[in-house]
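Structure first, then comments.
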Amino acid sequence: MVLRRIRKDQALHGHLFNQEICQAMAESRDYVGDFLTEFKHEITVRARQVSDITEAVFSQSLIHDRAVHQIQAALTEQEAMTLLFEALERAPSQHRVSFHLILRMNEPELIRELEWRQQNSKYTQTEENISYGEKKEEGYKSGHKADSSETKKDSLMRRRLETMEQEINREKDNLEQMRADLQRERNVLEDKHIELVRERQNCDNVQAEVQKAKQEIEKSKEGLKLETDRLNQLTAEMLKEKELLENRHKETLRESQMFYWKKEELNKNIEVMRNEIKHMQDMKIELMRQKEDEEAKLERATKEMHKLEQLKIELQRQNEEAENKFIQTKSNMDEFEQTKAEILKQKEDVENKMRLVKTEAEKVQQVKEEIQQQRKELEERIQWAKRQMEEMELMKKEIDRNRKDLDQKMKQTARRKEPGKLYAMQNLIWKIEWQKTN
6 MVLRRIRKDQ ALHGHLFNQE ICQAMAESRD YVGDFLTEFK HEITVRARQV
56 SDITEAVFSQ SLIHDRAVHQ IQAALTEQEA MTLLFEALER APSQHRVSFH
106 LILRMNEPEL IRELEWRQQN SKYTQTEENI SYGEKKEEGY KSGHKADSSE
156 TKKDSLMRRR LETMEQEINR EKDNLEQMRA DLQRERNVLE DKHIELVRER
206 QNCDNVQAEV QKAKQEIEKS KEGLKLETDR LNQLTAEMLK EKELLENRHK
256 ETLRESQMFY WKKEELNKNI EVMRNEIKHM QDMKIELMRQ KEDEEAKLER
306 ATKEMHKLEQ LKIELQRQNE EAENKFIQTK SNMDEFEQTK AEILKQKEDV
356 ENKMRLVKTE AEKVQQVKEE IQQQRKELEE RIQWAKRQME EMELMKKEID
406 RNRKDLDQKM KQTARRKEPG KLYAMQNLIW KIEWQKTN
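Position in the sequence shown counted from 1, then plus 5, gives you the numbering used here.
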């Protein structure tokens, strides 16, 4: 009876470990496929957050676009869920795992109820198998009790003990493997598992050790359940945080593109202003050269006028001398008239030249004034262009500073996540990767 009780405890203990492993691997691909197949109808009928579920599936691109249009055109929520299940059956298994997570976030009570029903079903089947084995063993012993000798009883007992010991050893190996798997899945239970392995290796009383393991597993079940709920909540928060970060990233990208575009426009405007300033400086140099040429012409005209004035004075003097000679001698009248006519002609030529020089001087003066005006306007345009250049440089610096501030805000936003959330998300990613390999 003691051995039978030990065997029953071992079987129950193995069942509890199996149940714990099933809960720890709730998101594995095989488990999810079986779960969705078994409870497909109930989920279709009892789901209430159908719109949220379908939107989450669409946003993660878990099904084909053609199926998306069919689901959106569905007349009822049950029809939409039916089409969604059909589309997921054609999708990769990893997409069904993601769909299972979406169901747990949007319909947590329904999914927990269905998982509990599935676990109770497995537990009931295990209990029936244990009872059937006990009855079979008792029937076998009753049928041969009257005909067996003490030696045969001892031999049978030894064989049973050996068989039981082998079963216990196999169960020990299974328990060790389950502990190792559970240890990889939940780092929180590592110390307890190691302690449990040491106790099992050194413990002579198997029943006491199994009872202790059962108690520890009950505690770990509660911890795993709490941790699962916390991971579900963290997953929902991370999805919201991811959507918020994606929106911020898009907005930041648009602002960055706008900054780069403005910076490019400023660079082009600055280059145009530089070329215009260079052109105006060239014009200024050309005007200065023209001014110098006109001043040289004016100086030459002034010298020419001075010479003509001297010539006029000389001709006046000669005229006076001629008149004096005319008064002194009338005999040279014809010569005087000829000389006078020549002098008058020279005087007229000189006056014509003076008028031409004066006109030229006035033109030179007018050109000089125009050059001065153009130079003044050019100086004003250069000053305006310099001010525009300075304003553009300030705008460019402001844009660079805004871009740096924007980059800094993006980095701060990326670092804003809580360490606990990051650690939990890393555990979740590690958990999914481990499930892929198993």
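The beta-carbon is built from N, C-alpha and C at its ideal position, and this holds for glycine as well.
Hey, could you find the ends of the alpha helix (DSSP H) residue i is sitting in?
i: V50; result: 45–51
i: V59; result: Checking the sequence, you will find Thr at residue 59 rather than Val. Counting along the chain, the alpha helix (DSSP H) containing T59 begins and ends at 55–64.
i: T87; result: 82–94
i: N4; result: Beyond the ends of the chain as shown, which are 6 and 443, falls residue 4; an answer cannot be given.
i: A79; result: Taken as a continuous stretch (DSSP letters only), A79 belongs to no alpha helix (DSSP H), as it is neither H nor E.
Would you grab the beta carbon distance between residue i and residue j for me? Rounded to a whole angstrom, and I think it's under 8 Å.
i: V372; j: E299; result: 5 Å
i: V62; j: L89; result: 7 Å
i: M86; j: V55; result: 6 Å
i: A253; j: T418; result: A quick correction: the sequence has Arg, not Ala, at residue 253. About 6 Å separates the two Cβ atoms, so the contact holds.
i: A306; j: A366; result: 5 Å
i: M397; j: T257; result: No, M397 and T257 are not in contact; Cβ-Cβ is about 25 Å, not under 8 Å.
i: S98; j: R34; result: 4 Å
i: E43; j: Q123; result: 7 Å
i: M394; j: I275; result: 6 Å
i: S261; j: L411; result: 7 Å
i: E126; j: Q65; result: In the sequence as displayed, the identity of residue 126 is Ser instead of Glu. About 31 Å; that fails the 8 Å criterion.
i: L229; j: R191; result: 6 Å
i: P113; j: N237; result: 7 Å
i: R95; j: L41; result: That pair is no contact at about 13 Å.
Determine the contact status of residue i and residue j, defining contact as a CB-CB distance below 7 Å.
i: V362; j: E314; result: no
i: L320; j: K352; result: yes
i: N390; j: M288; result: According to the sequence shown, residue 390 is Ala rather than Asn. Their beta carbons are not under 7 Å apart, which means A390 does not touch M288 by this criterion.
i: A218; j: M110; result: no
i: A52; j: I68; result: no
i: K317; j: V369; result: no
i: R386; j: M285; result: yes
i: K409; j: L271; result: no
i: R205; j: E214; result: yes
i: K268; j: I404; result: yes
i: I116; j: L108; result: yes
i: L292; j: Q379; result: yes
i: I348; j: Q295; result: no
When you measure from the CB of residue i to every non-hydrogen atom of the ligand SAM, does any distance come out below 6 Å?
i: Q295; result: For the structure depicted, the ligand SAM is absent and the ligand set is empty, with no information on it obtainable.
Got a sec: is the Cβ-Cβ distance from residue i to anything in chain B below 7 Å?
i: Q212; result: Annotation note: the requested chain B is absent from the structure, which comprises a single protein chain.
**Request:** Counting only runs of 4+ residues fully inside the region 308–390, write out the alpha helix (DSSP H) ranges in chain order.
**Result:** none
**Request:** With a floor of 3 residues, list each beta strand (DSSP E) that falls wholly inside the region 251–297, ordered by position along the chain.
**Result:** Qualifying beta strand (DSSP E) stretches: none in this window.
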